[in-house]
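In what follows, a structure is listed as structure tokens, so that the remarks can point back to it.
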């Protein structure tokens, strides 16, 4: 089965956004063994949309179209697709109810144009939208399949997952990927450690990619079924695990904060955070995980010196003598938040994220992380490079990794 | 002049990378008034590449192709393009010298396959590559233009800039867009308010799109020069500003947190935050803005009831009587953080982000925002829909918007 992804939207053609929808759908289709041969992007223009969909019907078995399902005048994807196939649009009662519910809940009047979103091509399979209003459709037509999905990624992604897991198990076998997540090793160093494995690869294959200081290894096997794929993957994953050891934080594509919350739960420990340069980002990441309230009770964003003294009991003398960005203050912040919150662990972060605030002795990118537990307090110095955003992101990951390592003695 | 961008590369079709090259080239072409009507992506496959380029020659005046100019076997873009047009490939001496120089510099022997990169379609204009080996080409053919650029963004971008500034200054003028950012109005409601403007549009044009509760209006003018574009845009922007009024937070494509920090600075006010369900996200957003330390001193992430009592002075009675997610507790949190921090404003958030924790009387999505200032304290109730992430994101925006409105009396 070969596929084509059509993204509809003028915002793509003027370069306002990148076509990350096509990337996501491509990844998911590759996982189930569907070959994507083309991506196309076309604007909210009737004639060019017709031309593009007709061409896709000639050359591709599966056509996934995203975008243009909104309530406004220039959202015409559904209308155009239905017209090409010769299906009338009919009201989908359940979707209409969902849209009505939605407006009731948010206490806003439902506008007439939103009703248009509940129309679907007659006889098609509906993909429910749990994060927005436009339902998706799966249209089977002359041994071809057209899938219509909305454009906003947070709506599109779960709907794409839904149609892939429910309707498109490929008969030629499966492609199964596992993602090994690594922190604290550069891509080149990592590659050196497994160079022989990379050189020998055929099935499974190994690919590395890095993002904001994390490296992900994707190992992918093609097989007749999932069990066979697992049998191919497991020995390779074991070998990589032995080689990279402590630097691996997940072999199940988890986020670092997910792993940290899981370990805290398993150990029955609680944590509190005192953040300066990260300004609440670590708390936000931890509380992003459902059920984080079991292990996380309190965070303090102590941006000013005054708040470090008042909320955490940092000594004014230490701030004067060593400065806010120092081992000493990081330690006092960690001990302070642990004491104030009554948590098992107290983690602190203080640093200079830039662009301003750097000096010769304390340049932008200098960060201290402190960690206090029942045994005492530790602190670490980091010198990061990059802009404000990069420094803050890598600091968040480094802090989460410190928690992981301290709880697993790595 | 209308254009099409073709990106060549299997890594795009399997979703390993997003097509950021097409985004970049689209932006640059829009700046010089060239309409991009299509993006296409095709793999390193001879037949599909021929089909794609031939189709582009039928429907587009300018075709920009990126990728597939490397030294390896599967880099065939140049060969395929030359074949379609009927031009032989000839050695470009200067490029050959550049490649030789490059290998001398890095002290490595030049590989035979790299010589292939110095070949160009006969008679074409060469775009020098200062960051890599493959030169680019501009091929004029039957009143069409094909531009070949390499795939790596750091090579492609300056070469794109070069050909745009040297060879394609569009005689038809410029395209200028302004982005109006709106919060608190649904896309459909918003459209109703400006439907006549949308229906009348020709130049400037109006487009709406929404993301996570925010709506952006793009107004775009075509003109002979920037001044004329501004003269076309300004009356329309004024009219939209009158119609949408308080719901507009920026007419300069700013983020809501940017606007909030700016207003706080202008007014000489400081703010402190007490976050429960958003877990530090609002603090993180505000401290993302360089120089936020002038207006933001302290945040408290009070996830547990205990921390609400201990750090903010929320009354235990209020927690028992009204529950943590209530008007009363939101108000006490806002007053508490204002008092503890000594800031001018205290903002609080308490809610149920889900997926767990909801009850019939207090469902997932129920959120209270409190805001205390020198005049007293206010609180607002919200009922959001969507998953944990959506509820948290829209809560962050709603809180930021409350600050903006309170400071500007909107």
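Protein chains in written order, with this note's numbering: chain L, -18 to 391; chain S, -18 to 391. C-beta: ideal position from N, C-alpha, C; glycine also.
Residue contact check for residue 82 of chain S against chain L: no CB pair falls below 9 Å. For residue 230 of chain L, the enclosing beta strand (DSSP E) starts and ends at 229 to 231.
In the displayed model, residue 244 of chain S falls within a helix according to three-state DSSP. In the three-state scheme derived from DSSP, where H, G and I count as helix and E and B as strand, residue 34 of chain L is classed as helix.
Around the beta carbon of residue 39 of chain S, fewer than 16 other beta carbons sit within 10 angstroms, so the residue counts as exposed.
DSSP lists no bridge partner for residue 73 of chain L. In terms of beta-carbon proximity, residue 363 of chain L stays away from the interface with chain S, with every pair separated by 9 Å or more. Here residue 175 of chain S is actually not in contact with residue 232 of chain S; their C-beta atoms are around 14 Å apart, not less than 8 Å. The Cβ atoms of residue 241 of chain S and residue 373 of chain S do not sit closer than 9 Å to each other. Non-local beta-carbon contacts of residue 131 of chain L in its own chain, meaning distances under 8 Å to residues more than five positions away in sequence, involve 47, 48, 50, 51, 110, 113, 115, 117, 137 and 140 in chain order.
In the DSSP annotation of this structure, the continuous segment of the beta strand (DSSP E) that includes residue 354 of chain S starts and ends at 347 to 354. Contact with chain L is absent for residue 102 of chain S, since none of that chain's Cβ atoms lies less than 9 Å from the residue's Cβ. Closer than 7 Å at the C-beta level to chain L, one finds these residues of the region 16 to 37 of chain S: 17, 18, 19, 20, 21, 22, 23, 24 and 29.
In the same chain as residue 377 of chain S, and ignoring 5 residues on each side of it, the C-beta atoms closer than 7 Å to its own belong to 259, 262, 263 and 266, in chain order. Against chain L, a Cβ distance below 7 Å from residue 284 of chain S picks out 268, 274, 277, 278 and 279. In this structure, residue 284 of chain S lies away from residue 283 of chain L, with their beta-carbon atoms at least 9 Å apart.
At a cut-off of 3 residues, the continuous stretches assigned as beta strand (DSSP E) that sit fully inside the region 180 to 209 of chain S are 186 to 192 and 195 to 204. Taking residue 296 of chain S as the centre and dropping the five residues before and after it, the same chain places the C-beta of 313 closer than 7 Å to its C-beta, in chain order. Listed along chain S is no residue with a C-beta nearer than 7 Å to that of residue 72 of chain L; the closest approach is about 17 Å. Spanning the alpha carbons of residue 21 of chain S and residue 142 of chain S requires a straight line of approximately 21 Å. Taken through DSSP and simplified to helix, strand or coil, residue 146 of chain L comes out as helix. In the DSSP assignment, residue 8 of chain S falls within the unbroken alpha helix (DSSP H) covering 1 to 12. Exposed is the label assigned to residue 54 of chain S, since fewer than 16 other Cβ atoms lie within 10 Å of its Cβ. Counting the other Cβ atoms within 10 Å of the Cβ of residue 169 of chain L gives fewer than 16, which makes it exposed. Residue 236 of chain L is positioned such that its CB atom lies no closer than 9 Å to that of residue 187 of chain L.
In terms of beta-carbon proximity, residue 191 of chain S lines the interface with chain L, with at least one pair separated by less than 9 Å. The C-beta separation of residue 315 of chain L from residue 328 of chain L comes to about 6 Å, placing the pair in contact by the 8 Å criterion. Residues of the region 122 to 144 of chain L that bring their beta carbon within less than 7 Å of a beta carbon in chain S comprise 133 and 135, in sequence order. Chain-order list of chain L residues neighbouring residue 97 of chain S: empty, with the shortest C-beta distance near 24 Å, by a criterion of under 8 Å.
Residue contact check for residue 390 of chain L against chain S: no CB pair falls below 9 Å. Beta bridge pairing from DSSP links residue 363 of chain L with L:348. Nearest Cα to residue 11 of chain S within the set L:-5, L:23, L:272 and L:17: L:-5. The beta carbon of residue 3 of chain S is closer than 7 Å to those of -14, -12 and 20 in its chain, skipping five residues each way along the sequence. Against chain S, the CB of residue 239 of chain L has no partner CB under 9 Å away; the residue lies outside that interface.
Chain S has a Cβ within less than 9 Å of the Cβ of residue -8 of chain L. Per DSSP, the beta-bridge partners of residue 120 of chain S are S:127.
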